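Below is one structure; the comments refer to it alone.
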Amino acid sequence: MNILITGICGFVGSTLARRLLEMRADLAIAGMDNLIRPGSEIHRETLRSLGIRLVHGDIRSASDFEGLPKLDYVIDAAALPSVLAGVDGETSSRQLMEHNLLGTINILERCKRDSAGFILFNTSRVYSIPPLTALPLGVDAEAYVPDFGRIAIAGMSRQGLDERFSTNPPLSLYGASKLTSEILALEYGSSFGFPVWSNRCGVLAGGGQLGRPDQGVFSYWIHGWRERRPLRYVGFDGQGHQVRDCLHPRDMAGLLLKQMDCTGNDKRRVQNLSGGMASATSLAQLSRWCEGRLGKHSVAGDATSRPHDVPWLVLDSSLATAQWGWKPQTPKEDIFEEIARHAEAHPDWLSRSSPGSGAR
Ligand SMILES: NC(=O)c1ccc[n+]([C@@H]2O[C@H](COP(=O)([O-])OP(=O)(O)OC[C@H]3O[C@@H](n4cnc5c(N)ncnc54)[C@H](O)[C@@H]3O)[C@@H](O)[C@H]2O)c1
């Protein structure tokens, strides 16, 4: 099977390429990356040593796909992945749409030409912001906890947000670029008869992630703690009570293989994938873990609100469990430990992914 992984030098793309080859050695994997993410070039040699053909190319440019063989599947992990992309002063809204939307269209055109399947790494940020910021919340054990007894929102339960949760704007420009990519992909798949899967992922985390405060926060926090960098709890009550789930991307590899092997039409094409409630962690709780593992450090409070931020976001992956038997395998403590070990082995990691060095 000929597979193209776009964004292969990023955290998700490189992790999955390695894991997919471990699970099925007969896959012929090619990867495309424009290396726009500072630090992504680090993964090139390892990927080449696995026999992966790397194309230094850009999904915004249709002609960059020309030299590739006929493809059976494209796994799309190329994007500007921050919820602040397009509004952060580093990338413009047009640049965001060119990477995240025009790039998707170029891939879909290629899938149409080759009758290749398409898997989109989508995001929890396709879900509507206003109902999330309006959630009634209490604080327990240094973390926001929704008052579920007072919540009657379609698509929300004690297990988190499921696929029925509203996707009405505002979502952030990032979320809108990914939701539009999903709609276009489903439409291309149905118009031209190729399989499409949209996996809406919660926070993905693990060793080797290029973390920033606005993207890859678990990695950023643990590396920053070990390096004794200034850390801040930004937004809400300034005490780090905001909660996210976390999932190791390698836990998705088996599911991707099932999706690529699936020839039937009985499965839902859009689904959440997340570490779920078992992985839900606040920044303050992460700090406690860091203190136990890496020693004392102080964190400043800053109640200034950040655009598009939400206090509590945990996805419910029950649909993926029901239709594929999929479950996350790596407990959150193992994810944190993997990041901590990586931080100890790579003391300069954060400076390699520092904001401001991003290309356009
Ligand atoms: N990391 C998360 O927590 C998370 C959560 C949900 C969804 N996702 C999605 O998963 C995918 C991968 O995210 P990641 O965390 O690996 O991000 P990443 O920044 O580590 O990797 C993205 C890679 O894509 C490349 N890239 C960006 N624009 C490109 C272009 N125009 N052409 C070719 N390559 C390009 C970058 O150089 C980088 O190597 C993204 O689509 C993101 O939206 C990530």
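The letter at position 224 of the sequence shown is residue 224 when you use our numbering, and the numbering goes up by one with no holes. Glycine residues also receive a C-beta, built at the ideal position from the N, C-alpha and C atoms. Just so it is clear, the structure is predicted and the values come from calculations on it, not from any experiment.
Burial of Glu163 is indicated by the presence of at least 16 other C-beta atoms within 10 angstroms of its C-beta. Distances taken from the Cβ of Val310 to the heavy atoms of ligand 1 include none shorter than 7 Å.
Here the C-alpha atom of Ser198 lies approximately 24 Å from the C-alpha atom of Ser40. Here the alpha carbon of Arg110 sits roughly 46 Å from the alpha carbon of Leu137.
For Ile339, the enclosing alpha helix (DSSP H) starts and ends at Lys332 to Ala345. In summary, Ile129 is buried, with 16 or more beta-carbon neighbours lying within 10 Å of its beta-carbon over all protein chains present. In the three-state reduction of the DSSP assignment, Asn106 falls in the helix class. Per DSSP, the unbroken alpha helix (DSSP H) holding Val12 starts and ends at Phe11 to Met23. Taking 7 Å as the cut-off, one finds no heavy atom of ligand 1 near enough to the beta carbon of Leu186. Judged by the Cβ position, Leu257 fails to qualify as a neighbour of ligand 1 at the 7 Å threshold, every heavy atom of the ligand being at least this far.
A Cβ-Cβ contact shorter than 8 Å links Gly160 with Asp316. Look at Val299 here: in three-state DSSP terms it is strand. At least 8 Å separates the beta-carbon of Gly208 from that of Phe336. In this chain, the alpha helix (DSSP H) harbouring Phe218 covers Val217 to Arg226. Within its own chain, the residues whose Cβ lies closer than 6 Å to the Cβ of Gln271, once the five positions on either side in sequence are excluded, are Leu319 and Ala320, listed in chain order.
The beta carbon of Thr180 is closer than 7 Å to those of Leu101 in its chain, skipping five residues each way along the sequence. Close CB contacts of Thr167 within its chain, under the 7 Å cut and outside five residues either way in sequence, are with Val126, Tyr127, Ser128 and Leu179 (chain order).
Collapsing the DSSP output to three states places Thr281 in a strand. Within the same chain, no residue comes within 7 Å of Asp140 by CB-CB distance, once the 5 residues on both sides are set aside. Set against 7 Å, the gap from the CB of Val12 to the closest heavy atom of ligand 1 is smaller.
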